[in-house]
Amino acid sequence: MTRVAGGPDDLADQVLERLAPAIAGPPPLLRVFLLVVCLVQFGLALPWLVGADPLGIMRDASTAHLTRDGALGLAVAIAGLLTAWRPRYAIAAVLVSAAALTAQIATAVIDEHYLRVSLLVEGVHAFTVLITLLVALATRPVTPLAKRQTRLRSIPGSRVDRVRRH
Numbered sequence: 019m020t021r022v023a024g025g026p027d028d029l030a031d032q033v034l035e036r037l038a039p040a041i042a043g044p045p046p047l048l049r050v051f052l053l054v055v056c057l058v059q060f061g062l063a064l065p066w067l068v069g070a071d072p073l074g075i076m077r078d079a080s081t082a083h084l085t086r087d088g089a090l091g092l093a094v095a096i097a098g099l100l101t102a103w104r105p106r107y108a109i110a111a112v113l114v115s116a117a118a119l120t121a122q123i124a125t126a127v128i129d130e131h132y133l134r135v136s137l138l139v140e141g142v143h144a145f146t147v148l149i150t151l152l153v154a155l156a157t158r159p160v161t162p163l164a165k166r167q168t169r170l171r172s173i174p175g176s177r178v179d180r181v182r183r184h
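Position one of the sequence shown corresponds to residue 19 (my numbering), numbered consecutively onward.
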């Protein structure tokens with residue numbers, strides 16, 4: 019695909035160039051740490067999604083419990099990976115992560131009370147808490163742009179142009 023000079027792509031590049039100082043991203047170290055934690059969460063949650071627990075972390079949990087935690091864990095891991103890749107999605111990702119965290123806390127209380135699943139087993143949700151916090155840290159407020167000094171532009175042959183030339 020070729021770009022046309024003066025086309026919409028040039029205008030978009032100009033707008034993004036002007037907005038760049040106002041839209042600062044999260045520190046690179048935060049993005050790398052978020053990536054590592056999300057990959058660990060992804061690796062833990064993927065087998066749980068099909069009811070497997072190869073590491074034996076949640077040995078006391080039922081298949082339904084593993085599947086539910088796997089689905090919520092994958093949602094949080096994917097939201098975090100998306101934020102690590104493109105921080106502009108951090109606000110949407112923090113909403114998804116917070117919703118999944120809320121669901122995990124609610125079900126942890128129910129599981130502990132009714133199903134007698136120990137809170138130690140529910141401790142694996144610490145990754146969800148950590149990812150949600152990291153994604154929240156990745157959200158950055160948009161700062162206002164500094165006032166731009168505008169120059170009076172003259173149109174050739176206009177009164178302003180004649181005054182400037184003399």
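Glycine is no exception: its CB is placed at the ideal position from the N, C-alpha and C atoms.
Check for me: the alpha helix (DSSP H) holding L90 runs from which residue to which? 81 to 103
Between which residues of its own chain and M19 is the CB-CB distance below 6 Å, once the five residues before and five after are set aside? At M19, the pLDDT of 48 sits below 50, so the modelled position is not reliable and the matter cannot be decided from this model.
Roughly how many angstroms lie between the CA atoms of P65 and A117, to the nearest whole one? 22 Å
State buried or exposed for V50, treating a residue as buried only when at least 16 other CB atoms are found within 10 Å of its CB. exposed
Among T125, Q32, A70, I75, the one whose alpha carbon lies nearest that of L138: I75
Counting only the same chain and skipping the five closest in sequence on each side, list residues whose C-beta sits under 6 Å from that of L53. A102
To the nearest angstrom, how far is the alpha carbon of L37 from that of A79? 49 Å
If you follow the alpha helix (DSSP H) that A126 is part of, which residue opens it and which one closes it? 108 to 128
Does E35 pass the burial test, meaning 16 or more other C-beta atoms within 10 Å, or should it be called exposed? exposed
Rounding to the nearest angstrom, what Cα-Cα distance links G91 and A97 in this structure? 10 Å
Among L84, A93, V114, which one has its Cα closest to the Cα of V135? L84
Of all the options T81, P45, A89, R77, which has the alpha carbon lying nearest to the alpha carbon of F60? A89
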